[in-house]
Amino acid sequence: MSKRVLVFFPSKEYTESLVPEIVLKSGTIFNTIKTEVTPTQVKIMGEIKANEEKAQEFIRILKRRGAVVKELGLIMRFDPDKCVACGMCVSLCPTDAITFNKDFSVRYDFDECVLCMNCVKNCPVKAVSYLGD
Amino acid sequence: MPDIRSIDDINKRIRSGEVVVATALEMKEIVAEKGAERAAKEVDVVTTGTFGMTTSSGAFLNFGHSDPQIKMGGGEVLLNDVPAYAGLSSVDTYIGATQLSKVHKLEYGGAHVIEDLVSGKSINLKAYGSATQCHPIKEIGGEFTIGDLNQAIMVNPRSFYQRYNAATNSSDAPICTYLGTLLPNFGNVSYFSAGSISPLYNDPTFETIGIGTRIFLAGGIGYVIGEGTLHNPKAMCGSLMVKGDLKKMKQRYLRGATIANYGTTLFIGAGVPIPVLNSTIAKNCGVRDDDIKVNIYDYHIPTRVKPLVKKTTYKELRSGKVVIGDRTVKASGLSSMKMAVEVIEKLKGMIEEGEFFLTKPVERITMESMMRPMKLVYVKASDVMSAPVTCSADDSLKDVERLMLEKKTGYFVVIDKQRHVQGVLTSWDIAKSIVTNGTKVKDVMTSQNIKTSRKDEPVEVSMRKLEQYRLRGLPVVDDEGKVLGVVRMQDLKHKVK
């Protein structure tokens, strides 16, 4: 069980020990996949390794410490009605987030996504979009 | 093989509701299980289909005469800011799938205009013509929908193209091609075609598909009107020209698409019924993905002839994983299997319900192949190159500096005894030697990732390399990698028009 999230901390709230501290306190594993630091904010993309209940608890703690948390499943949108299942995104995906179902339709699992944006940039019919930031 | 039924027999059975139709997928199982003889006895019709990017596609539109009349022919026609062909009569035009919007460029093209027409959206028309006695107005503008047109007829010069190459990319940067983005270092493999359910693989000798064959075209009815462009049946690369009434088409089977950084194209779902007149036709319909060979080419070479990376089959491509060297690479097709299956099932349903009857071709499709490269003389790298100033890796920098002043050049090709390129030395490298205290050419020359031009490479390709990698020059090499000359930006500026 895992849940991928984008965590935005305002720079003034953030210290390097902040996330490890929360991990230790909650006892929930959080893998940092990507960190982006700008003068105003720190953007962390990571994976909460826990069941839904524990993951939500972890998100609550992050929020209490001043973070804005967005679940990847909510900021990446795949519209199966627009999709023609051409499969272009499948081979461009660096992870296993995009695969074919048995009936050749395309399946997105945003808990495997690393936000590389290959699918968003390349979809011929704009069936997948990014709503984050 | 003697025919066991005729197209008239099949149509009688469609009328009486007894017809037995199998989709191409089902037919493969029937032929494998029972053999071609029994399959031919049991099945009347096989439905085949594709849902793929049909780049050579478009539609003729007739607007009806305005009052007062305008002569668009010879002028300019814009549909949602996408230019349409204006070389026809006063109110006829042809909108092609790949034409880009003057405003939105890659985001919107002729293919999107056609999709918007089919979905009933309102389209903006701007047209400019020259005023004549009987056509006094010079320009016209306004909104229309497909219902306002007298005729909207899709005519696609190349449909059902049987076989495309598969593509991959060996270079260290992503490239954007008509097969989509190809990731660096063999990052992915991209291909077209619905493989063994595609019509022309099931009737490779055009036994049943001919001029006048009624087909399912984007949700409506269409007809084969001849062989298509690039028709090359001898190499299993047949193609068909088709037409259909755009007004009857459905958006589900017709979608405008943008290939990132490349252009626009039209996804079209189309199906062809194959009447099983004898057991040879049944046997042909038993073709499977592992029978169909495909070559994977390296598309980072922009010339027409590309290096072959691997020979494979549709079965391996369709599995989603292709082995190249010691790596497993993800592969995906730009032809939708899901929608192609929907097309063949839909067509099967239409025939079973008595909504679709088969036609006997009025003429056969030619088996002659016409597929030659464009015959134009182009300027090659070797035509514009200048003599190379060379040195060897063991030369001292002092000597080279002297040579530099003598020859008035800042660009040297470093070669070995066999004249193979070992590196490049520029005045910038020499400048570096002042700091790094190098004394020999090999201490400061650039020897990694040297870009070169082949001698018969078009200069446009060399020019692109110079711009892309910001190089001062490119050594021109022969087939064995020996230096023949150097192409520099200044040579190109002088010699290329």
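So the sequences go chain by chain: L and R.
100 is the number that numbering that gives the first Met the number 0 gives to position 101 of the first sequence; each next residue is one higher, with no gaps.
199 is the number that numbering that gives the first Met the number 0 gives to position 200 of the second sequence; each next residue is one higher, with no gaps.
Even for Gly, the Cβ is constructed at its ideal location relative to N, Cα and C.
Note that the structure is predicted; figures quoted are calculated from it, not measured.
Is it true that the CB of Ser55/R sits closer than 8 Å to the CB of Pro156/R?
-> For Pro156/R and Ser55/R, yes; Cβs fall inside 8 Å.
Measure the beta-carbon distance from Gly518/R to Ala39/R and round it to whole angstroms, keeping in mind my assumption that it falls under 8 Å.
-> Chain R is shown from 0 up to 496; residue 518/R falls before or after that span and cannot be answered.
What's the C-alpha gap between Met373/R and Arg303/R?
-> Met373/R and Arg303/R: Cα-Cα distance of roughly 10 Å.
Residue burial classification, Arg106/L (beta-carbon count within 10 angstroms, cutoff 16) = By the neighbour-count rule (16 or more Cβ atoms within 10 Å), Arg106/L is not buried but exposed.
Would you give the residue range spanned by the beta strand (DSSP E) that Cys175/R belongs to?
-> Segment 174 to 176, the beta strand (DSSP E) holding Cys175/R.
Taking 8 Å as the CB-CB cut-off, is Arg287/R touching chain L?
-> False, the Cβ-Cβ gap to chain L never drops below 8 Å.
Neighbouring residues, chain L, relative to Ile174/R (Cβ below 8 Å) = The premise fails here: Ile174/R is roughly 13 Å from chain L at the closest Cβ pair, so nothing lies under 8 Å.
Taking the DSSP output, what are the residues bridged to Asp244/R?
-> Asp244/R pairs with Ile152/R.
Cutoff 8 Å: Arg162/R Cβ touching any chain L Cβ = Interface flag for Arg162/R against chain L is unset, since no Cβ pair is found closer than 8 Å.
The segment 322 to 339 of chain R: which residues have C-beta closer than 9 Å to a C-beta of chain L, in chain order?
-> Taking 9 Å as the cut-off between beta carbons, the residues of the segment 322 to 339 of chain R near chain L are Val328, Lys329, Ala330, Ser331, Gly332, Leu333, Ser334, Ser335, Met336, Lys337, Met338, Ala339, in sequence order.
Compute the Euclidean distance between the alpha carbons of Ser452/R and Ala380/R, then round it to the nearest angstrom.
-> Rounded to the nearest angstrom, the two C-alpha atoms are 7 Å apart.
With a 10 Å radius around its C-beta and 16 neighbouring C-beta atoms as the bar for buried, classify Cys112/L as buried or exposed.
-> Counting C-beta atoms within 10 angstroms of its own C-beta, Cys112/L has 16 or more neighbours from the protein chains shown and is therefore classed as buried.
Rounded straight-line distance, which links the Cα of His230/R to that of Tyr313/R = Just so you know, the alpha carbons of Tyr313/R and His230/R end up roughly 21 Å apart.
Starting from Pro19/L, follow the alpha helix (DSSP H) in both directions and report where the run begins and ends.
-> Bounds of the alpha helix (DSSP H) holding Pro19/L are 17 to 25.
Any chain A beta carbon closer than 8 Å to Asp110/L = Within the model displayed, chain A is absent; protein chains L and R are what it includes.
Look at the alpha carbon of Val89/L and the alpha carbon of Thr167/R, and state the distance between them as a whole number of angstroms.
-> Taking the straight line from one Cα to the other gives about 15 Å.
In the DSSP assignment, find the unbroken beta strand (DSSP E) run with Tyr505/R in it and report its ends.
-> Any answer about residue 505/R is impossible in this case: the structure gives chain R only from 0 up to 496.
Name, in chain order, the residues that DSSP records as bridge partners for His419/R.
-> In the DSSP secondary-structure assignment, His419/R is bridged to Lys481/R.
Starting from Lys439/R, follow its DSSP beta bridges and name the residues at the other end.
-> According to DSSP, which records beta bridges pairwise, Lys439/R is partnered with Ser395/R.
Quick one: give me the first and last residue of the beta strand (DSSP E) that Ala256/R is part of.
-> Its beta strand (DSSP E) spans residues 253 to 258.
Bridge-paired residues (DSSP) for Ala31/R = Note: Ala31/R sits in no beta bridge, so no partner.
Could you check the C-alpha separation between Pro49/R and Gly255/R for me, to the nearest Å?
-> It is Thr, not Pro, that sits at residue 49/R in the sequence shown. Computed Cα separation, rounded: 16 Å.
Contact with chain L by Ile343/R, beta-carbon distance below 8 Å | No, Ile343/R does not count as interfacial toward chain L.
What first and last residue would you give for the alpha helix (DSSP H) that runs through Asp382/R?
-> First-last of the alpha helix (DSSP H) with Asp382/R: 380 to 383.
Whole-number beta carbon distance between Val420/R and Val482/R, since they are thought to touch under 8 Å | Going by Cβ atoms, the distance from Val482/R to Val420/R rounds to 6 Å, so yes, they are a contact pair.
Kindly say whether Asp78/L, judged by its beta-carbon, lies nearer than 8 Å to any beta-carbon of chain R.
-> So, not an interface residue.
Tell me which same chain residues have a C-beta within less than 8 Å of the C-beta of Gln417/R, skipping the five on either side of it?
-> These residues qualify, in order along the chain: Lys481.
Partner residues on chain L for Ala259/R, Cβ-Cβ distance less than 7 Å = Simply Lys120, Asn121.
Exposed or buried, what is Asp66/R when buried is set at 16 or more other beta-carbons lying within 10 Å of its beta-carbon?
-> Exposed is the call here.
For Ala281/R, does the count of other Cβ atoms within 10 angstroms reach 16, so buried, or fall short, so exposed?
-> Under the 10 Å beta carbon count, Ala281/R is surrounded by 16 or more other beta carbons and is classified as buried.
Where Asn61/R meets chain L, residues with beta-carbon distance less than 9 Å | Those do not exist, as Asn61/R stays about 29 Å from chain L at its closest Cβ, beyond 9 Å.
Whole beta strand (DSSP E) runs in the segment 85 to 132 of chain R with 3 or more residues, listed along the chain?
-> Within the segment 85 to 132 of chain R, complete beta strand (DSSP E) segments of at least 3 residues are found at 91 to 95, 104 to 108, 122 to 127, given in chain order.
Measuring CB to CB, does Val293/R end up less than 8 Å from Leu307/R?
-> In this structure, Val293/R keeps its C-beta atom at 8 Å or more from the C-beta atom of Leu307/R.
State the Cα-Cα distance for the pair Val98/L and Asn260/R, rounded to the nearest angstrom.
-> In the sequence under discussion, the amino acid at residue 98/L is Thr, which differs from the Val named in the question. The alpha-carbon atoms of Thr98/L and Asn260/R are separated by roughly 24 Å.
Any idea if Arg3/L is buried or exposed, counting beta-carbon neighbours within 10 angstroms, 16 or more meaning buried?
-> Under this definition Arg3/L is a buried residue.
Just how far apart, CA to CA, sit Asn50/L and Phe109/L?
-> Cα to Cα, Asn50/L sits roughly 16 Å from Phe109/L.
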